[in-house]
Amino acid sequence: MRPSLTLTLLALGSVAQGAVSLEDSSLSPRDIEDFKRAIEARSLVDDIWNDIKNAATCTACQGILVLLMGVAEFGNSAFVNIATGLCELAKVEDTDVCVGTIALEGPIIANSLRNMDLGSETAQLFCESFLGLCAEPTVPQWNVPFPSPKPSTGRPAPSGKTPLKVVQYSDIHVDPLYVSGSSTNCTKPICCRPYTAADEPGSSTSPAGPNGDHNCDAPVSLETSLYQAIQELVPDAAFTLFTGDIVDHAVWNTSQAYNQQSITNAYTSMSQYLGLVYGTAGNHEASPVNAFPVASISNSSQWVYDLLSDEWTPWVGVSEKADIENFGAYSTKYPNGNLRIISLNTNFYYRMNFWLYQETMEQDPDGQIAWLVTELDAAEKAGERVYIIGHMPLGVGDAFHAGSNYVDQVVNRYSSTIAAMFFGHTHVDHFEISYSNYSSQDAAHAVMTSYICPSLTPTSGMPSFRVYDVDPETFAVLDTTTYIADMTNAAFQTTGPVWTKYYSAKEAYGSKLSPPVTDPAAELTPAFWHNVTALFQSDSASFNQYIAYKSRGWNVASCTGDCATAELCQLRAARSENNCQTIAPGLHFNKRSEVVDEQEHAVNSDECGLSAGMKTLNSLAMRKDLLEELASRYNALKGSAAY
Ligand SMILES: *[C@@H]1O[C@H](CO)[C@@H](O)[C@H](O)[C@H]1NC(C)=O
Ligand SMILES: *[C@@H]1O[C@H](CO)[C@@H](O)[C@H](O)[C@H]1NC(C)=O
Ligand SMILES: *[C@@H]1O[C@H](CO)[C@@H](O)[C@H](O)[C@H]1NC(C)=O
Ligand SMILES: *[C@@H]1O[C@H](CO)[C@@H](O)[C@H](O)[C@H]1NC(C)=O
Ligand SMILES: *[C@@H]1O[C@H](CO)[C@@H](O)[C@H](O)[C@H]1NC(C)=O
Numbered sequence: 018m019r020p021s022l023t024l025t026l027l028a029l030g031s032v033a034q035g036a037v038s039l040e041d042s043s044l045s046p047r048d049i050e051d052f053k054r055a056i057e058a059r060s061l062v063d064d065i066w067n068d069i070k071n072a073a074t075c076t077a078c079q080g081i082l083v084l085l086m087g088v089a090e091f092g093n094s095a096f097v098n099i100a101t102g103l104c105e106l107a108k109v110e111d112t113d114v115c116v117g118t119i120a121l122e123g124p125i126i127a128n129s130l131r132n133m134d135l136g137s138e139t140a141q142l143f144c145e146s147f148l149g150l151c152a153e154p155t156v157p158q159w160n161v162p163f164p165s166p167k168p169s170t171g172r173p174a175p176s177g178k179t180p181l182k183v184v185q186y187s188d189i190h191v192d193p194l195y196v197s198g199s200s201t202n203c204t205k206p207i208c209c210r211p212y213t214a215a216d217e218p219g220s221s222t223s224p225a226g227p228n229g230d231h232n233c234d235a236p237v238s239l240e241t242s243l244y245q246a247i248q249e250l251v252p253d254a255a256f257t258l259f260t261g262d263i264v265d266h267a268v269w270n271t272s273q274a275y276n277q278q279s280i281t282n283a284y285t286s287m288s289q290y291l292g293l294v295y296g297t298a299g300n301h302e303a304s305p306v307n308a309f310p311v312a313s314i315s316n317s318s319q320w321v322y323d324l325l326s327d328e329w330t331p332w333v334g335v336s337e338k339a340d341i342e343n344f345g346a347y348s349t350k351y352p353n354g355n356l357r358i359i360s361l362n363t364n365f366y367y368r369m370n371f372w373l374y375q376e377t378m379e380q381d382p383d384g385q386i387a388w389l390v391t392e393l394d395a396a397e398k399a400g401e402r403v404y405i406i407g408h409m410p411l412g413v414g415d416a417f418h419a420g421s422n423y424v425d426q427v428v429n430r431y432s433s434t435i436a437a438m439f440f441g442h443t444h445v446d447h448f449e450i451s452y453s454n455y456s457s458q459d460a461a462h463a464v465m466t467s468y469i470c471p472s473l474t475p476t477s478g479m480p481s482f483r484v485y486d487v488d489p490e491t492f493a494v495l496d497t498t499t500y501i502a503d504m505t506n507a508a509f510q511t512t513g514p515v516w517t518k519y520y521s522a523k524e525a526y527g528s529k530l531s532p533p534v535t536d537p538a539a540e541l542t543p544a545f546w547h548n549v550t551a552l553f554q555s556d557s558a559s560f561n562q563y564i565a566y567k568s569r570g571w572n573v574a575s576c577t578g579d580c581a582t583a584e585l586c587q588l589r590a591a592r593s594e595n596n597c598q599t600i601a602p603g604l605h606f607n608k609r610s611e612v613v614d615e616q617e618h619a620v621n622s623d624e625c626g627l628s629a630g631m632k633t634l635n636s637l638a639m640r641k642d643l644l645e646e647l648a649s650r651y652n653a654l655k656g657s658a659a660y
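According to this note's numbering, the stretch in the sequence shown is residues 18 to 660, in order.
Encoded structure:
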């Protein structure tokens with residue numbers, strides 16, 4: 018008789034944590050011998066596989082964790098070697114991408130695994146994110162404390178005065194190694210680099226134009242054309258919001274020096290062409306990508322904060338230096354009006370920030386939420402209006418339910434002070450609505466709009482930026498107009514990108530609502546946006562138009578049935594636990610080319626993470642041969658250790 022999987026897990030779990038050796042555990046010597054044989058005979062793998070087949074997926078995942086934790090116990094290099102080998106076997110990426118990415122992110126994953134307790138909330142989250150095998154645990158209850166009760170005043174009425182113009186652009190992902198004429202057809206996350214001789218200009222049968230391609234990140238020429246277009250088309254802009262992600266998607270080949278150069282180049286260019294710019298920290302600014310530890314664990318992203326502080330303080334003031342250097346956020350007064358800009362470091366709520374999978378996860382990483390409350394309370398007392406900006410919108414599947422829930426409580430409390438919120442990250446054009454009661458998602462309960470700006474990088478649509486018409490007194494958003502550079506225009510690769518108005522939200526949707534919202538002075542309130550989602554539900558032409566706008570007319574797929582239901586659910590979920598995303602092996606990892614066609618319309622899962630480690634672990638839940646390989650390599654490690 019061999020011991021049950023649970024027993025095996027318990028004993029192995031304590032071994033994996035290094036707390037006790039197998040022989041010291043409280044199991045009888047007979048049990049220990051039995052399950053040692055079970056593992057060596059790979060029946061652990063059979064048990065796991067049966068559990069997966071029988072849909073006992075969370076238990077199965079704990080079994081896989083035992084093996085991964087066991088490997089991690091042998092140190093970072095053992096973990097990196099084995100994970101890289103599995104990545105190559107699984108063929109989730111090219112060998113150099115497997116090697117480079119896992120060398121960067123493997124040690125962070127191994128660190129989390131070494132500190133993990135089987136069956137804990139962290140282990141469940143890990144199983145959900147990395148393997149698609151557990152549901153996300155219920156949000157641990159935390160009633161965010163507020164220093165004062167919510168006032169009864171609502172959103173202020175628009176002043177009717179001449180609107181200001183505010184610009185937003187996002188996800189520029191500039192590739193300094195983009196080579197015009199190199200191949201646009203490659204097997205890596207981004208092309209347009211001469212990876213092989215056949216990719217070189219002159220040899221390639223699918224040469225890249227000088228100004229960008231949908232299979233590639235933005236060349237510097239496209240970035241420059243964006244800033245010039247803003248200068249020309251919006252010369253009267255009051256200020257600009259840049260919602261992050263400067264560094265390209267060649268995440269297997271980043272370094273601190275490389276990212277530093279990209280970040281410095283981008284902000285230097287912005288300050289050359291644009292006036293006042295408010296920035297925020299994208300997940301791609303760090304190297305390894307996404308790696309933003311809380312301060313109590315590591316200072317490995319301190320250089321990002323220090324650099325952003327240097328770049329931002331000319332715009333936001335030296336008084337913000339301390340907050341930026343502490344956790345990458347700031348709260349600053351707009352000098353020409355009654356507005357405060359609060360820039361949040363959303364990487365603290367980001368599923369692909371592997372530093373967050375600590376056994377005791379911080380309820381409020383680095384105290385950012387408590388800080389946000391203090392800033393908002395002061396703004397409310399001072400009668401200021403507030404814009405919150407951040408990189409990742411908090412309703413997407415990439416946002417942990419817990420962090421998203423806590424921020425949502427804050428947004429609800431200060432919904433009459435916050436005029437609007439602005440994000441990027443998903444690369445597509447959409448929005449999210451916050452409600453005061455997510456069980457009553459109607460116009461009366463809609464309290465906030467998150468505007469999500471489409472990207473400059475052309476990997477999921479035409480290069481874009483936004484212009485908001487805003488009330489100069491209340492800073493309410495009165496309209497949003499998206500501009501694009503149409504890559505099918507012959508001029509794009511010759512005389513250069515031609516930037517034109519694509520659509521205005523009020524023009525596209527306002528007249529179709531009842532009552533119509535067409536008055537230029539009317540605010541696009543959260544209730545307006547809720548009514549737009551109701552329009553999408555009742556009028557498929559409007560919904561299809563929205564779907565086309567999402568990717569700016571590029572590669573537009575049809576979205577009906579479950580896809581449409583999921584899309585509406587996501588629009589009505591600024592709180593990620595309400596976004597209707599369910600977990601399944603493989604969910605997060607469609608290849609880029611498929612993302613827009615098959616998945617992005619439905620769930621807006623971003624294509625920014627590009628974690629080879631995550632893809633590799635995910636394949637363990639889908640391919641028994643890989644799991645057997647992991648078990649066998651783990652056994653080989655154990656065999657070679659003095660044990
Ligand atoms: C890209 O390259 C592959 C392999 O060489 C080839 O099979 C495929 O047809 C190419 N695709 C395009 C769109 O040229
Ligand atoms: C990796 O980055 C370095 C610069 O840091 C660059 O010289 C090299 O060409 C890059 N490799 C690839 C495959 O893009
Ligand atoms: C990070 O901490 C280490 C010691 O714990 C210190 O030597 C190093 O200078 C710190 N790095 C930065 C960028 O602050
Ligand atoms: C939220 O809405 C639901 C459905 O209408 C209702 O049952 C519930 O009482 C509401 N919750 C609060 C706190 O008002
Ligand atoms: C939203 O629609 C409701 C009717 O369903 C209407 O009463 C309300 O005025 C609309 N709100 C806005 C801002 O358009």
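Cβ atoms here follow ideal geometry from the backbone N, Cα and C, with glycine treated the same way.
Can you check which of these residues, the options, is closest to residue i by C-alpha distance?
i: A308; options: S315, N370 and L393; result: N370
i: R592; options: N232, H418, R483 and C208; result: H418
i: P162; options: D381, F439, S220 and A463; result: D381
i: L361; options: N454, P532 and F259; result: F259
i: D64; options: A648, L654 and N652; result: A648
i: N128; options: V116, G136 and F143; result: F143
i: Y347; options: V333, G354 and W516; result: V333
i: H190; options: A152, T330, I501 and N276; result: N276
i: N160; options: I280, I386, W320 and V549; result: I386
i: A538; options: T497, A416 and A246; result: T497
i: S472; options: Y452, S559, R483 and T222; result: R483
i: G656; options: P489, E122, R589 and V88; result: V88
i: D383; options: N343, R357 and Y351; result: N343
Between the alpha carbons of residue i and residue j, how many angstroms are there, rounded?
i: L150; j: K641; result: 15 Å
i: R650; j: C75; result: 23 Å
i: C233; j: V114; result: 16 Å
i: D446; j: P532; result: 25 Å
i: A409; j: R368; result: Position check: residue 409 holds Met in this sequence, whereas Ala was assumed. Distance between the alpha carbons of M409 and R368: 11 Å.
i: E90; j: R131; result: 6 Å
i: T542; j: T466; result: 7 Å
i: L634; j: A225; result: 34 Å
i: T377; j: T499; result: 43 Å
i: S521; j: T535; result: 11 Å
i: V237; j: S288; result: 15 Å
i: T285; j: L239; result: 16 Å
i: D265; j: S165; result: 43 Å
i: A638; j: N561; result: 35 Å
i: K608; j: G229; result: Only weak support is given to the placement of K608: the predicted model assigns it a pLDDT of 34, under 50, and the value that follows is read from those uncertain coordinates. So the two alpha carbons sit approximately 20 Å from each other.
i: Q79; j: A72; result: 13 Å
i: A255; j: K567; result: 26 Å
i: G177; j: A107; result: 60 Å
i: V573; j: S557; result: 15 Å
i: S187; j: A298; result: 11 Å
i: V97; j: T517; result: 47 Å
i: S469; j: G261; result: In the sequence on display, residue 469 carries Ile and not Ser. In a straight line, the C-alpha of I469 is about 12 Å away from that of G261.
i: A95; j: V321; result: 29 Å
i: T112; j: G102; result: 9 Å
i: V403; j: L148; result: 39 Å
i: D579; j: C597; result: 11 Å
i: M133; j: Y519; result: 49 Å
Assuming residue i contacts residue j (C-beta within less than 8 Å), just tell me the rounded distance between them.
i: L552; j: K529; result: 6 Å
Complete beta strand (DSSP E) runs within the stretch 406-481 (minimum length 3 residues, chain order): 435-440, 447-452 and 463-469
Complete beta strand (DSSP E) runs within the stretch 272-328 (minimum length 3 residues, chain order): 294-296
Contact the stretch 418-432 vs the stretch 491-509: 3+ CB pairs below 8 Å: no
Entirely enclosed alpha helix (DSSP H) segments - the stretch 96-152, minimum 4 residues: 112-131 and 138-143
Given 8 Å, three or more beta-carbon pairs between the stretch 393-400 and the stretch 428-441: yes
Beta strand (DSSP E) runs contained entirely in the stretch 506-550, provided each spans 3 or more residues: 516-521
Beta strand (DSSP E) runs wholly inside the stretch 374-399, at least 3 long, in chain order: none
In chain order, each beta strand (DSSP E) run of at least 3 residues that lies wholly inside the stretch 215-274: 254-259
Alpha helix (DSSP H) runs contained entirely in the stretch 630-660, provided each spans 4 or more residues: 641-657
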